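Novice:
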Amino acid sequence: MQRDLRFSLTVETNALLCPNPQEFYSRSYIDEQIVDNFRVLPGIKAATKLANVTFGQVTKASTCNFTAPTEALDAIDIDVTPTSIMAQICQFDVEQSFLALQMAKGSNGDFTVQSFMNYYWQELANKAREERALRRWQGDTTSLDPNLALVDGHLKKLKADATVIDVDSAGVASTVANVITEMTKVYQALPADVRVKIADLRWFVAPNIAGNYRLATASQNNVNNVTTALGLTFLGIKIIEDAGIPADHMVLTLKDNLIYAFDGEKDGEQLKAVNLSDSVAEPYIRTRANQKEGYFHVNGGEIVFYWNAP
């Protein structure tokens, strides 16, 4: 005897509002470039301290007496700043878009179309990541830009640190003709004992410097110019083109010297979009995602900061 079983499944409309929190925060908080090029400290909810130790010569001649090495033990304060991602979309705007044919008929129908919500979460995370990239480098609590004013970024803190090695471009803008000369200045300013740690060095550059460097090297390299692009490196050091770095700025250092602290723990459980038509009779989808972030550095004497001061 054969039985034919059929099932029907009704998906609640609010289910369409639920994002994939892991995907959202991986786009917003971190990406592959962050993990490989910065020292990442997740799960920071409030002020904490980060230990930092540097040793002198630890290998000595063998004698009966113990010769204590010289070491420097220090700690820096890590204090993350709370921020929020907020977005809101009106039903009437959605009705006049390309999604109109997918929506339920009638002016009071549901307007949370699944294809749109997938797109919504993806674009919201991408926008949050773009704004974070700017804050990471250019953040300044005294800025008139509301995004940059949320938190102090690396450039402000590097300028304020007297131990950081400054290379002033003296107002000379980067060009194809001078980019290699200017990058050589940065390389030569880095201490020799740090220079040899090529695998751990990262060269963060503004997009205009990266573009000029590609043109300068392509004109001298037929493979790069004609067939395929080579990995972006300078003397074996990995170059990171970062859209958050302003024009004519560069930072060369060990990747663990630049610190990115954030919370992220259990944030995904709180991520949601709310259809306000179900509660206060307003035709909006509203999203809020709370987060925390902070940008710090250690070992200023191992960091070269090239900046344009006209």
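Take 234 as the starting number for the sequence shown in my numbering and just add one per residue.
A virtual CB, placed ideally from N, CA and C, is assigned to each residue, including glycine.
Owing to the predicted nature of the structure, the values given are computational and were not obtained by experimental measurement.
Which residue's Cα is closest to the Cα of V313: L274, M350, T296 and C323?
Specialist: L274
Novice: Output needed for I398: all residues of its chain with C-beta closer than 6 Å, excluding positions within five of it in sequence on either side, in chain order.
Specialist: A422 and V537
Novice: Count Cβ pairs between the region 395-415 and the region 373-384 that sit closer than 8 Å; are there 3 or more?
Specialist: no
Novice: On the CB-based measure, 16 or more other CB atoms within 10 Å of its CB, does D481 come out buried or exposed?
Specialist: buried
Novice: Based on the DSSP output, what are the partners of P315 in its beta bridges?
Specialist: K525
Novice: Tell me which residue opens and which closes the beta strand (DSSP E) that T486 is part of.
Specialist: M483 to L487
Novice: Out of A443, K392 and N298, which has the shortest C-alpha to C-alpha gap to G534?
Specialist: K392
Novice: Enumerated in chain order, which unbroken segments of the beta strand (DSSP E) with a length of 3 residues or greater are wholly contained in the region 376-446?
Specialist: Every unbroken stretch of the beta strand (DSSP E) spanning 3 or more residues and falling wholly within the region 376-446 is given here in chain order: 398-401 and 434-438.
Novice: May I have the straight-line CA-CA distance separating K488 from P516, to the nearest angstrom?
Specialist: 47 Å
Novice: Quick check on the burial criterion: 16 or more other C-beta atoms within 10 angstroms. Buried or exposed for M483?
Specialist: Buried, since its Cβ has 16 or more Cβ neighbours within 10 Å.
Novice: Check whether the Cβ atoms of L230 and L434 lie closer than 9 Å to each other.
Specialist: The structure shown has nothing for residue 230, since the chain only spans 234 to 543.
Novice: Which residue from A443, V429 and T450 puts its Cα closest to that of I478?
Specialist: Distances from the CA of I478 to each of A443, V429 and T450 were compared; the closest alpha carbon is that of A443.
Novice: Compute the beta-carbon to beta-carbon distance between F529 and I492, rounded to the nearest angstrom, for a pair I have assumed lies under 8 Å.
Specialist: 4 Å
Novice: Can you give the beta carbon distance from N541 to G404, rounded, assuming they're within the 8 Å contact cut?
Specialist: Correct: roughly 7 Å between the Cβ atoms.
Novice: Judging by CA-CA distance, which residue of F495, N523, D394 and R521 is the nearest neighbour of R272?
Specialist: F495
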